[in-house]
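Trainee:
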Amino acid sequence: MTGSNTTYMLKPHESLPSADTSGFTKIFLAGTIDMGSSRDWQAEAFEYFSSLPGKYILFNPRQGNWDGSKPGEMDYQVNWELEHLEQADIIIMYIIGTSKSPITLLEMGLFARSGKLYVACEPDFYRHDNVRITCARYGVPLYDTIEEMLEEVRENVLEEVEAAAGKRD
Numbered sequence: 001m002t003g004s005n006t007t008y009m010l011k012p013h014e015s016l017p018s019a020d021t022s023g024f025t026k027i028f029l030a031g032t033i034d035m036g037s038s039r040d041w042q043a044e045a046f047e048y049f050s051s052l053p054g055k056y057i058l059f060n061p062r063q064g065n066w067d068g069s070k071p072g073e074m075d076y077q078v079n080w081e082l083e084h085l086e087q088a089d090i091i092i093m094y095i096i097g098t099s100k101s102p103i104t105l106l107e108m109g110l111f112a113r114s115g116k117l118y119v120a121c122e123p124d125f126y127r128h129d130n131v132r133i134t135c136a137r138y139g140v141p142l143y144d145t146i147e148e149m150l151e152e153v154r155e156n157v158l159e160e161v162e163a164a165a166g167k168r169d
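So, in structure tokens, the structure goes:
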């Protein structure tokens, strides 16, 4: 693919290099973290979006050394996630089959009607049927793999980027 790219990953307790976020597509990376023990799919998503033309800010709730017992940290983390879920143009959610992901399910319920949620849920996830039924009811696109979901998001995001740049007829 051709075209320039600027991609930032924003995590809790971090700030962007510039306060001007105009023209950026804001994407929240919701999904399995399992207290940091799961696959770091968020880093993979960063690499993926970095390879595409466009300007992206990825909101990543995963912290390398998160300590929920630190005073105020739980409130900060939950509020950071809720604020950035609301700010996001797109929410991509990846549920790994071997996880429990209770917070992910909560976030899915909160944003199922938002029109900006894409869900990848591995078929062996213990609550896959709940996810499937909820997605079907609220018109949320559901994929078996993160790769399928990212491809669909890429097609939609690039279409919007091209339209905004006046490249489409």
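According to the working numbering, the sequence shown holds residues 1 to 169 in order. Built from N, CA and C at the ideal position, the CB exists for glycine as well.
1) Look up S111 in the DSSP assignment and say whether it is helix, strand or coil.
2) On the three-state DSSP scale, how would you describe F59?
3) Can you tell me which of K26, Q63, K11 puts its alpha carbon nearest to the alpha carbon of A88?
4) Look at the alpha carbon of S4 and the alpha carbon of Y56, and state the distance between them as a whole number of angstroms.
5) Taking the runs of the beta strand (DSSP E) that are 3 residues or longer, which of them lie wholly in the segment 54-102?
6) Distance check for H84 and G115, CA to CA, integer angstroms please.
7) T134 lies in the alpha helix (DSSP H); which residues open and close that run?
8) Between the segment 91-101 and the segment 72-79, are three or more C-beta pairs nearer than 8 Å?
9) Just mark G139 as buried or exposed, buried being the case when its beta carbon has 16 or more other beta carbons within 10 Å.
10) Along the beta strand (DSSP E) that carries F46, what are the first and last residues, could you check?
11) Classify E107 as buried or exposed, calling it buried when 16 or more other Cβ atoms lie within 10 Å of its own Cβ.
12) Rounded to whole angstroms, what is the Cα-Cα separation between A112 and W80?
13) Secondary structure at I27, three-state DSSP: helix, strand or coil?
14) Count the other CB atoms within 10 Å of the CB of R137; is the residue buried (16 or more) or exposed (fewer)?
Mentor: Result, derived from the coordinates:
1) It is worth fixing the name first, because residue 111 is Phe in this sequence and not Ser. Correct three-state label for F111: helix.
2) Correct three-state label for F59: strand.
3) When only C-alpha atoms are compared, the closest one is K26.
4) Looking at the two C-alpha atoms, the distance is approximately 11 Å.
5) Whole beta strand (DSSP E) segments, 3+ residues: 54-59, 90-95.
6) Looking at the two C-alpha atoms, the distance is approximately 16 Å.
7) For T134, the enclosing alpha helix (DSSP H) begins and ends at 128-138.
8) Contact check between the segment 91-101 and the segment 72-79: fewer than three CB pairs, one atom from each, fall below 8 Å, which does not count as touching.
9) Classification for G139: exposed.
10) Element bounds for F46: not the beta strand (DSSP E) but the alpha helix (DSSP H), 41-50.
11) E107 should be labelled buried.
12) If I take the Cα positions, the gap works out to 19 Å.
13) Here I27 sits in strand by DSSP.
14) It counts as exposed.
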